[in-house]
Structures are given as structure tokens and as C-alpha cells.
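Residue numbers (the numbering used here): 124 to 457.
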């Protein structure tokens with residue numbers, strides 16, 4: 124792949140040409156009906172024209188450079204056997220605006236079904252933290268990959284023999300953890316609240332492998348209440364939706380950490396479903412454990428949302444509403 128730049132017609136514009144050395148990859152790089160090129164054009168406000176194995180990019184100098192960087196990253200992704208879809212294009216565009224972001228195999232997680240890669244600088248930092256710390260807090264809005272990357276890390280460690288078990292847990296706060304009031308057997312009672320964890324597992328492992336390891340106990344998915352009184356050794360333990368724990372529950376969970384075990388705690392402090400006036404165990408833990416050695420904390424934001432692009436805009440709209448409400452309350456207090 125070669126790239127060169129020439130000055131376009133407007134003084135502030137630049138024309139960038141990229142030449143690719145493997146024509147077979149270009150249909151996937153460009154997308155069906157060139158939709159990936161169209162996506163880059165819309166986001167950056169540039170013009171892109173493909174001829175053979177070359178792409179000409181015209182637009183403001185900085186934006187043309189970002190488009191070239193994004194295309195180059197997507198092409199390298201294809202050469203490494205990774206998929207390129209609209210989500211990957213959006214991720215490449217984010218990374219192109221962060222020129223200091225590191226890219227490499229150390230920011231990938233290999234599972235049985237797929238290779239998971241960081242799609243933002245915060246995801247890169249999160250993967251690094253998950254590998255370096257025995258306890259990691261992943262904080263931020265939905266769709267940023269907090270739980271998904273933690274599950275991918277757990278599966279990678281299980282497959283490589285570095286841990287013996289994966290334990291996934293959530294507080295069943297929607298039912299007040301009064302599971303006896305719900306119909307069905309135990310699994311039928313708790314499965315609706317644990318379904319996101321099952322979904323992540325099935326994305327990482329073949330279905331028969333998930334079922335086999337669930338039956339053998341190598342993978343355990345259980346409500347938080349079931350963690351009490353246990354010591355969890357040689358395991359990778361994930362607590363999801365941790366903002367819905369109480370301080371007592373959070374302390375109970377964190378003190379389950381046994382020999383050779385690691386923990387990831389994920390949550391969104393803007394989505395607390397606890398009864399009014401109840402302090403979130405996640406907020407309490409972050410305040411209590413501030414500065415404690417060996418703990419990693421990664422804060423995601425709306426720019427890290429890797430679901431449908433509309434999700435990022437929805438998160439932004441809600442954040443803006445909450446900010447305006449906070450400002451109005453502050454003004455009233457004055």
C-alpha cells in the first residue's frame with residue numbers, strides 16, 4: 124500500500140492518493156456499493172473516488188489525512204484476517220482522530236470463535252488493564268464494550284489454561300432478588316437477568332462448548348446473592364451492572380477474590396435502579412478504594428459506544444438532559 128499527497132484546488136484542501144497492493148481485498152474494504160467509503164465521506168466531509176486499486180481523497184487537509192489513516196487501518200485489518208463492517212469503519216475513524224493511539228496484537232483478544240480488537244483508545248486501555256491488574260473497574264454507558272471485552276478476556280484466559288473457571292454475575296435488582304416470587308425453577312427465575320452474559324459467551328465460544336462448560340462448572344453464571352460465603356480461586360470473575368449493588372453486596376463480592384483469581388467489575392453510574400436513597404455499591408467502592416495499589420479503573424464515554432451509531436447520539440442526548448437538569452437544580456439552590 125502506498126500513499127501520497129498533492130495540493131487540491133482550494134488552498135486549504137489536500138488531495139491524498141492511496142494505492143493498495145491486493146485488489147482481492149478491496150470489495151470488502153470499500154463495502155457493498157462502496158458503503159464504507161460513503162460512511163467515511165459523511166463523517167469527515169471529504170470526497171473519495173476509487174479507480175482500480177487506488178483511492179483519491181479530497182477535502183480539508185486534516186480530514187483528508189484522517190480518511191487516509193482510517194482506510195489504511197481498515198486495509199491492515201483485512202490483511203490480518205479481521206472483518207470490516209460499519210462498526211469497524213466507525214472505530215477506525217475514531218482512532219484516526221487519536222494519532223497517538225497504539226495499534227497492535229497486544230490490543231487484541233483471541234477467543235475460539237473470533238478475534239476481538241479494541242475499537243477506541245479507552246478500549247485499548249481497558250484491555251491493557253484487564254491483562255495487568257487483578258481487579259479492574261470498567262465504567263461508562265451502554266455499548267462501550269465494558270462487559271463484552273471482560274468476557275472475551277475471561278474466555279481467552281480459560282482457553283489458554285491460565286484460569287480454571289469463569290464466574291459471571293449480576294445483581295437481579297429488577298426482581299429485588301426475591302426470586303421465590305417468580306415462576307419456574309431456579310434457572311428459569313434468574314436467566315432473564317443474566318441473558319446478556321450468555322449472549323457474550325455464545326459470541327466467543329461455539330454453542331456446544333458453552334453448554335459443556337456450563338454443565339462441568341468451568342463456566343458459572345449466577346446472581347450476585349449466590350456469591351455469599353464463597354472464596355473464588357483460580358477463576359476469572361465478572362460482576363456486571365455493578366451500579367445496582369449495595370455497599371454491603373459490593374464488599375461481599377470483592378472479598379471473594381481468592382488465590383490466582385482476577386476480577387472485572389462493570390457498571391454505569393448514570394443507570395442506577397436501586398430504591399431512592401440507597402447508595403450504589405459501585406460508587407461506594409470507587410470512593411473507598413481510591414489510590415489502592417493493584418486496581419485498574421477505566422472510564423468510558425459516549426465516544427466509545429461501538430453499537431449502532433444512533434446509540435452514541437442517544438447517550439449524548441440523555442447526558443445533555445441530565446446536565447441541564449443538574450444546572451437547574453444548582454441554580455435553584457443558589
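We treat Cβ as the ideally placed atom computed from N, Cα and C, and that holds for glycine.
Closest by C-alpha distance to residue i, when choosing among the options
| i | options | result |
| --- | --- | --- |
| residue 203 | 374, 347 and 238 | 238 |
| residue 323 | 294, 150, 338 and 363 | 363 |
| residue 231 | 198, 152, 275 and 220 | 275 |
| residue 391 | 194, 193, 217 and 405 | 405 |
| residue 235 | 395, 260, 443 and 327 | 327 |
| residue 376 | 398, 393 and 349 | 349 |
| residue 200 | 149, 178 and 188 | 149 |
| residue 240 | 343, 429 and 340 | 429 |
| residue 253 | 210, 189 and 359 | 359 |
| residue 282 | 195, 270, 292 and 342 | 342 |
| residue 422 | 335, 250 and 339 | 250 |
| residue 420 | 218, 402, 197 and 269 | 269 |
| residue 209 | 412, 414, 156 and 340 | 156 |
| residue 338 | 289, 233, 255 and 386 | 289 |
| residue 143 | 195, 160, 180 and 172 | 195 |
Whether residue i touches residue j by CB criterion (7 Å)
| i | j | result |
| --- | --- | --- |
| residue 355 | residue 381 | yes |
| residue 458 | residue 388 | Look at the range of the chain in this structure, 124 to 457, and you will see that residue 458 is not part of it. |
| residue 248 | residue 216 | no |
| residue 166 | residue 141 | no |
| residue 361 | residue 317 | no |
| residue 379 | residue 402 | no |
Alpha carbon of residue i to alpha carbon of residue j, nearest angstrom
| i | j | result |
| --- | --- | --- |
| residue 454 | residue 262 | 29 Å |
| residue 170 | residue 191 | 12 Å |
| residue 184 | residue 137 | 5 Å |
| residue 245 | residue 272 | 12 Å |
| residue 182 | residue 168 | 7 Å |
| residue 154 | residue 409 | 43 Å |
| residue 260 | residue 162 | 33 Å |
| residue 307 | residue 346 | Interpretation of residue 307 is limited by its pLDDT of 49, a score under 50 that renders its predicted location unreliable; no figure is taken from the coordinates. |
| residue 267 | residue 372 | 25 Å |
| residue 398 | residue 449 | 20 Å |
| residue 416 | residue 257 | 10 Å |
| residue 395 | residue 369 | 11 Å |
| residue 280 | residue 425 | 29 Å |
| residue 384 | residue 357 | 5 Å |
| residue 164 | residue 186 | 10 Å |
| residue 139 | residue 188 | 7 Å |
| residue 152 | residue 206 | 9 Å |
| residue 442 | residue 332 | 40 Å |
| residue 243 | residue 158 | 21 Å |
| residue 292 | residue 319 | 11 Å |
| residue 436 | residue 444 | 12 Å |
| residue 174 | residue 214 | 25 Å |
| residue 134 | residue 295 | Residue placement at residue 134 cannot be trusted, given a pLDDT of 49 that sits under 50; what the coordinates show is reported in the next sentence. Their Cα atoms are separated by approximately 60 Å. |
| residue 197 | residue 145 | 13 Å |
| residue 176 | residue 220 | 25 Å |
| residue 302 | residue 365 | Confidence is the limiting factor: at residue 302 the pLDDT is only 47, short of 50, which leaves the residue's position unreliable, though a coordinate-based value still follows. When rounded, the distance between both Cα atoms is 19 Å. |
| residue 413 | residue 374 | 14 Å |
| residue 147 | residue 452 | 59 Å |
| residue 297 | residue 286 | Because the pLDDT of residue 297 is 48, which lies under 50, any placement of that residue in the model is unreliable, and the question is left without a value. |
| residue 277 | residue 386 | 9 Å |
| residue 367 | residue 400 | 13 Å |
| residue 340 | residue 255 | 26 Å |
| residue 446 | residue 440 | 10 Å |
| residue 418 | residue 433 | 33 Å |
| residue 411 | residue 351 | 21 Å |
| residue 211 | residue 284 | 30 Å |
| residue 131 | residue 325 | At residue 131, the pLDDT of 47 sits below 50, so the modelled position is not reliable and the matter cannot be decided from this model. |
| residue 335 | residue 321 | 13 Å |
| residue 393 | residue 218 | 26 Å |
Residue i - containing beta strand (DSSP E), residue span
| i | result |
| --- | --- |
| residue 265 | Premise fails: residue 265 is in no beta strand (DSSP E) and is neither H nor E. |
| residue 179 | 177-183 |
| residue 231 | 231-233 |
| residue 291 | 288-293 |
| residue 241 | Element bounds for residue 241: n/a, residue is neither H nor E. |
| residue 350 | Neither: residue 350 is in no beta strand (DSSP E) and is coded neither H nor E. |
| residue 170 | 170-174 |
| residue 343 | 342-346 |
Endpoints, the alpha helix (DSSP H) within which residue i is located
| i | result |
| --- | --- |
| residue 163 | 158-167 |
| residue 361 | From DSSP, residue 361 is part of no alpha helix (DSSP H) but of the beta strand (DSSP E) over 358-362. |
| residue 247 | 244-255 |
| residue 149 | 149-153 |
| residue 333 | 330-339 |
| residue 212 | 209-219 |
Min CB distance residue i to chain E below 7 Å
| i | result |
| --- | --- |
| residue 413 | Of the protein chains in this structure there is only one, and it is not chain E. |
Distance cut-off 6 Å: residue i Cβ against heavy atoms of the ligand COA
| i | result |
| --- | --- |
| residue 370 | Questions concerning the ligand COA fall outside what the structure shown contains, since it holds no ligand whatsoever. |
Runs of alpha helix (DSSP H) wholly within the segment 361-417 (minimum 4 residues, chain order): 370-377 and 404-411
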